[in-house]
Every structure is written in C-alpha cells, then in structure tokens.
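Sequential numbering of the sequence shown, starting at 3, is according to our numbering.
Where a beta carbon is used, it is the ideal one built from N, C-alpha and C, also for glycine.
Notes follow the structure.
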Amino acid sequence: MELRQSALQALCVADAEEKSALTLAMYAQRATISIAPQAQLAVPQGVTLPGHPAKPELKVHTAMGRRSPATAEGRAILLHAIAHIEFNAINLALDAIWRYGGMPEAFYQDWLQVAAEEAKHFRLLRAHLRKWGHDYGDYPAHQGLWTMCEKTADDIVARMALVPRTLEARGLDATPQIQGKLQQTSADDALEAVAILDIILREEVGHVAIGNHWYRYLCAQRDLDPEQHYSWLVGHYEAPRPRPPINLSARRLAGFSESELDWLQGQL
C-alpha cells in the first residue's frame, strides 16, 4: 500500500462510512505504509472530487437556515452541521496528502494523522445523531471548506495558510461558544454533545498546529515573511475574517505568535 495513492482513492469514495473506514485503516498501517513523495498522481477520468454521498443536499452557505440549540431539532441541525464539517475535513486532509508532491515524509504522516482524527470526529458525531433519532444526511449542508480547498489547489502555501490556520482555526474560536449554548439547555443529548466537542477541540488544536508548522516551513523555503504573506493571501483569496471572540489560549497552543494574534484581533 502506498499512502498518497491510497489517499486519493479514499478521497474519491462517496460513502461516508466507507471513506472514514478507509482513512482509519490507512492510519492503523502508518508504521508500514510506503510513501512516494515524487509520484505523479492524477484524478481518475470522470471523477469529481471529493466523493460525497447523495445526502446531505448541498446548498450555498447563504441559503442555510439556523435553528436554536434550545430545541431538540435545533441541536440535531447544529450537530449535523458540525458532522459535515468533520466529513469535509477528512477530504481536506486526504487532498493534501495526494495533491502535493515533493514534501518530506513527515508532511504526509502529519496529514494522515489529521485525516484519521477527523474520521474519528465524524464517527463520534454520526453515532450521536443516530442515538438521538437522526443521521448524517438528514439536513442540508454547505461546502464552504471545500470551496477554499479548490481555490488553493495550485498553491500549497495558500492551502496551508487558509485551510488549517484560517478556516479550521475558526473552529477553535467557535467551539467554546457552541458548548456554552448547549450546556445552558441541560438536556442529556446536549451534554453528551459537549463532551464530544471537548475531544474535537483538543485534537483540532493539533491540526491547526500542523498547518502552522508546514506553512512556516514552506515560507522559509521560499524566503517569504510568513506574517506579511499571510495578510496578502487573506486578501487575494478573500478568506473569511475571524469572528469574535478569538480563542487566544487555543490559538497560542496551535502556534500563533502574539503579533499574529494582534493582527487577527485588528481584523474583527
């Protein structure tokens, strides 16, 4: 088994359970799996990335309604939206593995770990939805994360800057707020969801840290100032701004510098 080709194959899979199972199987074999950084890979003819199931129905972000977590259905819709983010995050990590050749083997191992942890998160959330009478695919979803993935496909520096350390870092900011709203309900399903989000938040700090590491590695290779270049990338790719409040402690753990945090707070 070769990792990058296997990642591409898993990315093409439409079934969510199968995709997550394949990803976890690759991670279980990480000690023996081969890596071919210089291999030239191509998407199979007639395949559109990423593979995704017929449901959920995909809508543009602005067409998505919001429901209050004060109701059982509102909580199901909220957890469904997070499950879809985690499903897309599997795709994002798999895409980084197969798409970008010529990187150190540690790069591919790092993103394999991310993919596996995202698969675990997706499965935790799907099991939670099922326990409370719902399932992944019951509600519409949007493809905001994958849209940025497509925009940055030809620039690994932009990908590392704008997916893990921008879009996924927003999850570090949002999760404590979501947990607070769920805790206010005191409902059993809400409190179970809070515990799942604890796991996700802890591991997502590591994912953002991986993005930070490889972004700075690539900037050093290209003699780019990482902070100045990041500001340019945000404008060039029209990346979304952070939403307050910023989770400063989590972002520090993920490797953001104080000057970066000052800049981000200035963008609010």
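Query, Result
"Residues sharing a beta bridge with L60, DSSP", "A143"
"Residue range of the alpha helix (DSSP H) that includes M28", "18-30"
"Nearest residue (CA-CA) to Y217, options H86, L174, D157, L81", "D157"
"Distance between A121 and A23 (C-alpha atoms, nearest Å)", "8 angstroms"
"Under the three-state DSSP convention, the category S188 falls into", "coil"
"Backbone CA spacing between M3 and T34 [nearest angstrom]", "9 angstroms"
"Close beta carbons around L199, own chain, < 7 angstroms, minus the five adjacent residues each side", "T177, I180, Q181"
"Residues of its chain near A118, where Cβ-Cβ distance is below 7 angstroms and the 5 sequence neighbours each way are ignored", "T25, L26, Y29"
"Bounding residues of the alpha helix (DSSP H) (the contiguous stretch that carries I87)", "74-101"
"Sequence-distant residues of the same chain with beta carbon closer than 8 angstroms to L270, five excluded per side", "R243, P244, R245, P246, I248"
"For E229, three-class secondary structure by DSSP", "helix"
"Candidates V45, Q42, H136: closest to P58 by CA position", "H136"
"Rounded Cβ spacing between D97 and C151 (contact assumed at less than 8 angstroms)", "6 angstroms"
"Sufficient close CB pairs (3 or more, under 8 angstroms) joining the segment 81-100 to the segment 154-174", "yes"
"Sequence ranges, alpha helix (DSSP H) only - wholly within the segment 100-185, length at least 4", "107-133, 146-153, 158-164"
"Close beta carbons around T187, own chain, < 7 angstroms, minus the five adjacent residues each side", "P71, A72"
"Nonlocal neighbours in the same chain, by C-beta distance under 8 angstroms from Y102, ignoring five residues either side", "F109, I158, R161"
"Bridge partners - S36, DSSP secondary structure assignment", "E4"
"Sequence-distant residues of its chain with Cβ nearer than 7 angstroms to E206 (five each side left out)", "E170, G173, L174"
"K61 classed as buried or exposed, judged by whether at least 16 other C-beta atoms fall within 10 angstroms", "exposed"
"Under the three-state DSSP convention, the category L43 falls into", "coil"
"Contact set for T168: own chain, Cβ-Cβ below 6 angstroms, skip 5 residues either direction", "A241"
"A74 versus L193, R224, V236, R253, residue with shortest Cα-Cα distance", "L193"
"Any non-hydrogen atom of the ligand GDP closer than 8 angstroms to G173 Cβ", "The model depicted lacks the ligand GDP and carries no ligand whatsoever."
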